[in-house]
Amino acid sequence: MFPERFSNLPAYAFPRLRSLLDAHAPGGEVMHMTIGEPGHDFPPWIVDIIAQNADGFGNYPVNEGAPGLRRAICDWVSRRYGVTLDADANLMALNGTREGLYNAMMALCPEIKGGARPKVLLPNPFYQVYMVAALSVGAEPVFLPATRETGYLPEFEALSPDVLNQVTVAYLCSPSNPQGAVASRAYWEALIRLAEQYDFKVFADECYSEIYRHEPPVGALEVARDLGADPERVVVFHSLSKRSNLPGLRSGFIAGGPESIKHVRQLRNYAGSPLPMPLQHAAEKVWDDEEHVIENRALYAEKYIRADDIMGGVPGYISPEAGFFLWLPVEDGEKATMKLWLETGVRVLPGAYLSREVGGINPGKGYIRAAMVAPIEEMAQGLIRLRDCLYS
1 MFPERFSNLP
11 AYAFPRLRSL
21 LDAHAPGGEV
31 MHMTIGEPGH
41 DFPPWIVDII
51 AQNADGFGNY
61 PVNEGAPGLR
71 RAICDWVSRR
81 YGVTLDADAN
91 LMALNGTREG
101 LYNAMMALCP
111 EIKGGARPKV
121 LLPNPFYQVY
131 MVAALSVGAE
141 PVFLPATRET
151 GYLPEFEALS
161 PDVLNQVTVA
171 YLCSPSNPQG
181 AVASRAYWEA
191 LIRLAEQYDF
201 KVFADECYSE
211 IYRHEPPVGA
221 LEVARDLGAD
231 PERVVVFHSL
241 SKRSNLPGLR
251 SGFIAGGPES
261 IKHVRQLRNY
271 AGSPLPMPLQ
281 HAAEKVWDDE
291 EHVIENRALY
301 AEKYIRADDI
311 MGGVPGYISP
321 EAGFFLWLPV
331 EDGEKATMKL
341 WLETGVRVLP
351 GAYLSREVGG
361 INPGKGYIRA
371 AMVAPIEEMA
381 QGLIRLRDCL
391 YS
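Going by the UniProt record's numbering, the first residue of the sequence shown is number 1, and it counts up by one from there.
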């Protein structure tokens, strides 16, 4: 029997989109702007590294990540954030960050807090795994609107002490998906201080950290260190999917205090799926290399400028600070998505599919999400068709 706590889940965003659109013929050449699958080239030398280490497919992978991979990740964290991690105590390699974002909840969320069902704080809109992870441990998801009025980041401090006393975990994605908002140092400080005061963990999803316009986004680990917070207070998640255009490699990591990582590793012993060794060797070299990341970021910088040129006259358009999504205002996201498909063949995602209705309001309903992952000229043509269809 399907557990009752999952019985009211909406369909996942992309099957839901297929149900909406696929019965209808597109009104033009199909242009996919839905999924955040990077379209830029990944480093070509990665293929040679996998081939050179192909005999590793004959061995079980190192569960927590090979020493070389963990060393490379620690070195990257040191270069990027100025934070020193112990490769044996403070991190574990992941098979993509989705695994970590889900399993960290399974490993670290207590069943009861303050004699009651625990609460987990989520931005709304949100990456759907946050909600399902909370439900999987019997926690109550608390959806906090991340809207234009809040700077597209949730207002954690607006919650009452009664709610905060039951919170065990707060998820935050910065740069955010889908809006591209970046949490400032002051914002992180306020959240971490709140977590210290009310004794909950912060799960910092920083998968888009290397795609930004100007200044690199501040990281939760460096802010926690500077505040002198409990080492177990913050758990961060990173990935090569966006940074290095390698969503299929499935290389990410989780970093945090030694107790948190010990419990996550223990769960991996039973339920995890470590990266095959040839892919671990490849990931090690990719984490070590920054040149391709700089080149990748330059391509997105050109896309930001082109998108602003095309969409700048759209009422309510806000250019993203980071990431590679446009969060575009419309009257009704689902109707706009259907109109765009029927009239142009451009395929986007209704914002409501990334959000949850609370109090009769879905904060994503009046938006569509368009991914800027295609080559720049292809992306530009898609945005022009989108603009002319929905905003003329």
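Don't be surprised by glycine CBs; every beta carbon is placed ideally from N, CA and C.
If you compare the alpha carbons of His214, Ile211, His238 with that of Leu221, the shortest gap goes to His238. Nearest to Pro38 by alpha-carbon distance, out of Glu284, Ala271, Leu240, Glu206, is Leu240. Linking Ala336 to Leu144 through their CA atoms gives a straight-line distance of about 25 Å. Between Leu191 and Phe156, the gap from beta carbon to beta carbon is short of 7 Å.
Pairing Arg185 with Gly27, the inter-Cα distance amounts to about 46 Å. CA-CA distance, Pro350 to Leu386, rounds to 13 Å. The three-state reading of DSSP puts Ile261 in helix, counting H, G and I together. It is roughly 47 Å from the alpha-carbon of Leu21 to the alpha-carbon of Leu85. In the displayed model, Cys74 falls within a helix according to three-state DSSP. In the DSSP assignment, Ser251 is bridged to Asn95.
No Cβ-Cβ contact shorter than 7 Å links Arg250 with Gly366. Residue state for Pro15 is assigned as helix, using DSSP reduced to three classes.
In the structure shown, Trp188 adopts helical secondary structure according to DSSP, grouped into three states.
Leu121 has its alpha-carbon roughly 16 Å from the corresponding atom of Tyr187.
Phe57 sits exposed, since fewer than 16 C-beta atoms from the chains shown fall within 10 Å of its C-beta. DSSP places Ala370 outside any alpha helix (DSSP H); the residue lies instead in the beta strand (DSSP E), whose first and last residues are 367 to 371.
Excluding sequence positions up to five before and after Tyr171, its CB lies within less than 6 Å of the CB of Leu122, Tyr130, Phe203, all in the same chain and listed in chain order. Across the set Gln179, Leu159, Val132, the C-alpha of Gln179 shows the shortest separation from the C-alpha of Arg148.
Val293 and Arg213 do not touch by the CB rule: their CB atoms are close to 15 Å apart, not below 8 Å. In the three-state reduction of the DSSP assignment, Ser239 falls in the strand class.
Residue pairing of Ile361 in beta bridges, as defined by DSSP: Val358. By alpha-carbon distance to Glu210, the top candidate from Gly313, Gly333, Gly323 is Gly323. Check the Cα spacing between Cys207 and each of Ala271, Gly252, Trp341, Asp308: the tightest is with Gly252. Looking at the DSSP output, Cys173 bridges to Asp205. Spatial neighbours of Val83 in its own chain (CB-CB distance under 8 Å, excluding positions within 5 residues in sequence) are listed in chain order as Val77, Gly219, Leu221, Glu222, Arg225. In the three-state DSSP reduction, Glu140 falls in the strand class (E or B). Membership of Lys335 in the alpha helix (DSSP H) is indicated by the continuous run 333 to 344.
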